Amino acid sequence: MRALLLTLSLCYSATVLGASIWHVQGEQEWYLFGTIHVLRPDAYPLPASYQTVLDRCTNLWLEVDLDALTEPEILLQVRSIMQLPTGATLKTQISAKAYRRLTLLADRAGKSLADFTGLKPWAVANVLALMLFEQRGFVSEQGLDLHLAQQAKTREIPTLALETVIQQMTLLDELAAAYPDDFITFSTNDLDRVDQLVAEMVHNWQQGDVEALYRLADFKAYPAIEDAMLNQRNNDWMRQFEQASDQTSPQCVAVGALHMAGESGLLAQFKRAGYRVRQVTAKMHEPAQGGPQPEPIK
Numbered sequence: 446m447r448a449l450l451l452t453l454s455l456c457y458s459a460t461v462l463g464a465s466i467w468h469v470q471g472e473q474e475w476y477l478f479g480t481i482h483v484l485r486p487d488a489y490p491l492p493a494s495y496q497t498v499l500d501r502c503t504n505l506w507l508e509v510d511l512d513a514l515t516e517p518e519i520l521l522q523v524r525s526i527m528q529l530p531t532g533a534t535l536k537t538q539i540s541a542k543a544y545r546r547l548t549l550l551a552d553r554a555g556k557s558l559a560d561f562t563g564l565k566p567w568a569v570a571n572v573l574a575l576m577l578f579e580q581r582g583f584v585s586e587q588g589l590d591l592h593l594a595q596q597a598k599t600r601e602i603p604t605l606a607l608e609t610v611i612q613q614m615t616l617l618d619e620l621a622a623a624y625p626d627d628f629i630t631f632s633t634n635d636l637d638r639v640d641q642l643v644a645e646m647v648h649n650w651q652q653g654d655v656e657a658l659y660r661l662a663d664f665k666a667y668p669a670i671e672d673a674m675l676n677q678r679n680n681d682w683m684r685q686f687e688q689a690s691d692q693t694s695p696q697c698v699a700v701g702a703l704h705m706a707g708e709s710g711l712l713a714q715f716k717r718a719g720y721r722v723r724q725v726t727a728k729m730h731e732p733a734q735g736g737p738q739p740e741p742i743k
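Residue numbers (the numbering used here): 446 to 743.
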């Protein structure tokens, strides 16, 4: 469960003290936002540094074009990717052990697997995980990615997408097809300590410690999943950043916080490319307008 919580919907509460923002200087200037895909409404207002940094952006790079999530054609494609082939059932796609784990996840979310007839196991796991967060007051409409995208639109800051929605959904689909039982086990670890896990994530986020969050994700037993979900995507994104060297600085990037950590994380890759990387500090609930300039941690 810990891995799905971290990779799908890393979250924090309104007591955050640090900031998952990094200032990257070298051949070009970048600001990296480690984002959170679902939040409680009381997480806002954000620290002043978020708005101060965003106002400096000439472009804002996002994982996907969030407006595409409202397009009927895209939604139909997403639904098609998530659906089982005609005549197939959940039980025919995964082992009995994995099915029991998925049943337990449904129980914790207050649902029955019968409510999800026609969906592939990985899609059921994702939907149920979001339901667990909704029970705890977190909603995707409050996610940091969406908030930054909306703020960028208001300020007429162009946004660029690193991937398409269909690419992301296809990645999950192909990964789950290649490792059906591992993917479900990976996605349902620690069901008996969800609240404790969330508390640990909140604490590490308060410290701005993405390496601790990466250790919580605990990919050790699932190298293929880590490689597909993090490493390969980070490598592809870095290639896109290198090709954008003619863009006016500073460029801003807002992607899931877990993409910042580890040897293949964006922070490490920028450092290896000769950039200076420093974390930005934040003071919670300072007004965004007229707030102080970000102060890098030395």
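Where a beta carbon is used, it is the ideal one built from N, C-alpha and C, also for glycine. Bear in mind that the values here come from a model prediction, so they are computed numbers and not experimental data.
For the options S709, L617, S465 and I670, the alpha carbon positioned closest to that of M683 is the one of S709. Inter-residue distance for L511 and A574 is about 20 Å (C-alpha atoms, whole angstroms). L642 and A662 have their C-alpha atoms some 10 Å from each other. Rounded to the nearest whole angstrom, the CA to CA distance from E608 to K542 is 34 Å. The C-alpha of V700 lies about 14 Å from the C-alpha of Q685.
For secondary structure counted as the alpha helix (DSSP H) over 4 or more consecutive residues, the region 616-653 holds these complete runs in sequence order: 625-633 and 639-651.
At a Cβ-Cβ threshold of 8 Å, I481 and G588 count as neighbours. Excluding the 5 residues flanking it on each side, Y544 has same chain C-beta neighbours closer than 6 Å at K536, in chain order. With a beta-carbon spacing of about 6 Å, N679 and L711 fall inside the 8 Å limit used to define contacts. For the pair A673 and A644, the Cα-to-Cα distance works out to about 27 Å. Secondary structure remark: continuous beta strand (DSSP E) runs of at least 3 residues inside the region 463-547, in chain order: 466-470, 474-480 and 504-507.
In the structure shown, Q692 falls within a coil segment according to DSSP collapsed to helix, strand and coil. The residue among R638, A568 and A666 with its C-alpha nearest the C-alpha of T615 is A568. Contact between L605 and N504 is confirmed by a C-beta separation of about 6 Å, below the 8 Å threshold. When the Cα atoms are used, C697 and E671 turn out to be separated by approximately 25 Å. The DSSP-derived three-state label of L575 is helix. Under the DSSP assignment, A606 falls in the beta strand (DSSP E) whose first and last residues are T604 to A606. Between Y489 and L550, the alpha-carbon positions lie close to 30 Å from each other. Distance from the CA of D618 to the CA of P486, rounded to the nearest whole angstrom, comes to 31 Å.
Following the DSSP letters along the chain, one finds R581 in no beta strand (DSSP E), marked with neither H nor E. Sequence-distant Cβ neighbours of S690 in its own chain, meaning closer than 8 Å and more than five residues away, are E472 and Q473. Taking the Cα positions, A513 is about 23 Å away from L620.
Take Q522, set aside five residues on each side of it, and the residues of its chain with a beta-carbon closer than 7 Å to its own are I611, in chain order. Residue range V655 to A662 is occupied by the alpha helix (DSSP H) that includes V655, with no beta strand (DSSP E) assigned at that position.
The Cβ-Cβ distance between R501 and P625 does not fall below 8 Å. Only residues of its own chain outside the window of five on either side were considered, and among them V469 and V722 have a CB closer than 6 Å to the CB of F715, listed in chain order.
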